[in-house]
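Novice: Residue numbering for the sequence shown follows the working numbering, starting at 26 and increasing by one per position.
Before I ask anything, here is the structure I am working with.
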Amino acid sequence: MNRQEISRIAHTGHPIAAPLDDDSVRQLLDHGLPRGDERVLDLGCGGGEWLLRALARHPRLRAEGVDISAQALAHARTAAAERGVTDRLVLHHQDAADFRSPHPFGLVLSVGAAHAFGGLLPTLAAAREHLAPGGRVLVGDGFWDRTPSPEAVEMLGDFADLPTTLERVTADGWTPVHGHISTRRELDAYEWSWTGSLAAWALDHPDSPDRAEALAVAEAHRTEWLRGYRDSWGFLSLVLRRTDG
Ligand SMILES: C[S@@+](CC[C@H](N)C(=O)[O-])C[C@H]1O[C@@H](n2cnc3c(N)ncnc32)[C@H](O)[C@@H]1O
């Protein structure tokens, strides 16, 4: 099984690939889309769930998503057709760092994809390139809630603590106009869904040659989460505007 296939199965019960529940996602989108007729860009859109929810909620919205995963984009295309929003969605199969557009966007989203740019501030710099005057950025990234073990840093990469993260963002010229710190419930629900969906798939496919691998990956992930980073990792989502307009 390749990583994209594992990820697709693991996200069956939690199509937002980040530790946020449906209510948090809706509130973040509402703060990012004050008019409802914006152009929205999602850098690292995955299966497109943020864009699909925004399009379903706002009939005058137009959206574009960028991702390097052909499999995730195929999933987004199918889901868009099922929800009747295909005519307002454009998907780009490419590295988000290389994406260029002839028009700016009222909202630029990037949730859980900061590694594509080399961290949070480079992600904001990339988002800024696409932002219309007065536009908003909705970004989601990790932070350390407690001092991480070296193993946790090895698994997830390096982050700052929460106040330092906010200080860096504001010093970079951004003002948070809304934010959400994922709750313990959201963080745990995401991991249970990820590991549980993959394990359940394996049990439901007893004759599949991929069964043993799926079970092993689910177990390894659960162990990394519980032993490695559950006690130290948090997730922050911010809706940002440029402080200087
Ligand atoms: C954790 S998922 C988040 C997906 C989506 N933003 C969400 O919240 O549901 C990260 C996504 O970033 C994509 N990605 C990673 N590196 C990328 C890159 N260089 N350019 C574009 N997408 C990238 C992955 O393929 C994956 O779909």
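Each residue gets a CB set at the ideal place from its N, CA and C atoms; glycine is no exception.
Cutting at 6 Å between CB atoms, please list the residues of its own chain near residue 206, excluding the five before and the five after it.
Specialist: 261
Novice: Quick check on the burial criterion: 16 or more other C-beta atoms within 10 angstroms. Buried or exposed for residue 72?
Specialist: Around the CB of residue 72, 16 or more other CB atoms lie within 10 Å, so the residue is classed as buried.
Novice: What's the call for residue 202, buried or exposed, on a 16-neighbour Cβ count within 10 Å?
Specialist: exposed
Novice: Could you tell me the alpha carbon to alpha carbon distance between residue 199 and residue 150, rounded to whole angstroms?
Specialist: 11 Å
Novice: With distances taken Cα to Cα, identify the nearest neighbour of residue 60 among 107, 47 and 86.
Specialist: 86
Novice: Look at residue 264 and residue 204 and say whether their C-beta atoms are less than 8 Å apart.
Specialist: A contact, by the Cβ cut-off of 8 Å.
Novice: Could you give the distance in angstroms between the alpha-carbon of residue 117 and the alpha-carbon of residue 123?
Specialist: 11 Å
Novice: Measure the C-alpha to C-alpha separation of residue 105 and residue 97 and round it to an integer number of angstroms.
Specialist: 12 Å
Novice: Does the Cβ of residue 83 have 16 or more other Cβ atoms within 10 Å, making it buried, or fewer, making it exposed?
Specialist: buried
Novice: Around the Cβ of residue 33, are there at least 16 other Cβ atoms within 10 angstroms (buried) or fewer (exposed)?
Specialist: buried
Novice: Which residue comes first and which comes last in the alpha helix (DSSP H) that contains residue 218?
Specialist: 209-229
Novice: For residue 54, count neighbouring C-beta atoms within 10 Å of its own C-beta (all shown protein chains included) and say buried if the count is 16 or more, exposed if not.
Specialist: buried
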